[in-house]
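**Q** In terms of this note's numbering, the sequence shown opens at residue 82 and continues consecutively.
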Amino acid sequence: MLPGFYHEQQRKRKQKRMIKGAIVFFTLCVAGFFLVSTLSPKTTGVLKPANHSVLSENASLELTTLYECGHSKTRLLSLPEDLVGKSMEETVQLHPEWSVLNFNESLVVAEQKEGTECDDHFLLFLKDGKIVVTKSKDKTQLITEQSINLNLLTKEDKEILEAGIFIDSEYELLEILESFR
82 MLPGFYHEQQ
92 RKRKQKRMIK
102 GAIVFFTLCV
112 AGFFLVSTLS
122 PKTTGVLKPA
132 NHSVLSENAS
142 LELTTLYECG
152 HSKTRLLSLP
162 EDLVGKSMEE
172 TVQLHPEWSV
182 LNFNESLVVA
192 EQKEGTECDD
202 HFLLFLKDGK
212 IVVTKSKDKT
222 QLITEQSINL
232 NLLTKEDKEI
242 LEAGIFIDSE
252 YELLEILESF
262 R
């Protein structure tokens, strides 16, 4: 039988060979990666297939108007005559104010930004013993008048109503008017 130190030396030599082999393998992998990356052609962009669909005569337009106040209004309209048979690129050229979100031969989905507030803002105030509601953009455009018993209101409520209350939606307006009945 061989002495114990012989087996210990053999084991250490085996470990050193395995470590050296792993280092050589890793070095070859890294060198191969760099070699392949330098030989392969560089890509600068992805080619997108051209959208060849054109709008049919029966197509629809879903147009969302985004207002400055944060509200939006979506309408489903019949396609304007000038867009029949047009591609997406031609549609964008004809209507640069639209941001086209979806385009196929039967439907165009687009958004447009409006630099004003929408028509769903109101001003409610007290005038001649009546609650008066007007559009906030055009205070001459009367929406409704409602008689009210002033004796039911506190002094603070009267002051608030005389100064006017700005209302952000038709739903909120109906809730407030309902509270005065």
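Even glycine gets a Cβ: it sits at the ideal position worked out from N, Cα and C.
Note that the coordinates shown come from a computational prediction; the quantities given were computed from them, not determined experimentally.
Roughly how many angstroms lie between the CA atoms of Gln267 and Ile224, to the nearest whole one?
**A** Because residue 267 is not part of the residues shown, which for the chain are 82 to 262, the question remains open.
**Q** Could you tell me which of Thr197, Leu205, Ser168 and Ser228 sits nearest to Leu188, measuring between CA atoms?
**A** On the sequence shown, position 107 is the one that residue 188 refers to. Leu188 has its Cα closest to that of Ser168, out of Thr197, Leu205, Ser168 and Ser228.
**Q** For Tyr252, which residues in the same chain have their Cβ closer than 7 Å to its Cβ, ignoring the five residues on either side in sequence?
**A** Translated into positions along the sequence shown, residue 252 becomes position 171. Cβ within range, chain order: n/a, list empty.
**Q** Do you know how far the Cα of Thr155 is from the Cα of Ala191?
**A** By one-based count along the sequence shown, residue 191 stands at place 110. By one-based count along the sequence shown, residue 155 stands at place 74. So the alpha carbons of these two residues sit roughly 10 Å apart.
**Q** Taking only the alpha-carbon atoms, compute the straight-line gap between Phe247 and Pro177 and give it to the nearest angstrom.
**A** Against the sequence shown, residue 247 aligns to sequence position 166. Against the sequence shown, residue 177 aligns to sequence position 96. Roughly 34 Å separates the two Cα atoms.
**Q** Can you list the beta strand (DSSP E) stretches of 3 or more residues lying completely in the stretch 168 to 227, in chain order?
**A** The qualifying runs are 179 to 185, 188 to 194, 203 to 208 and 211 to 216.
**Q** With C-beta atoms as the reference, is Ser217 less than 8 Å away from Phe203?
**A** Mapped onto the sequence shown, residue 217 falls at position 136. Mapped onto the sequence shown, residue 203 falls at position 122. Going by C-beta atoms, Ser217 is nearer than 8 Å to Phe203.
**Q** Here's the rule I'm using: 16 or more other beta-carbon atoms within 10 Å means buried, otherwise exposed. How should Ala140 be labelled?
**A** What you label residue 140 is simply residue 59 of the sequence shown in a count that begins at 1. Answer is buried; the Cβ neighbour count reaches 16.
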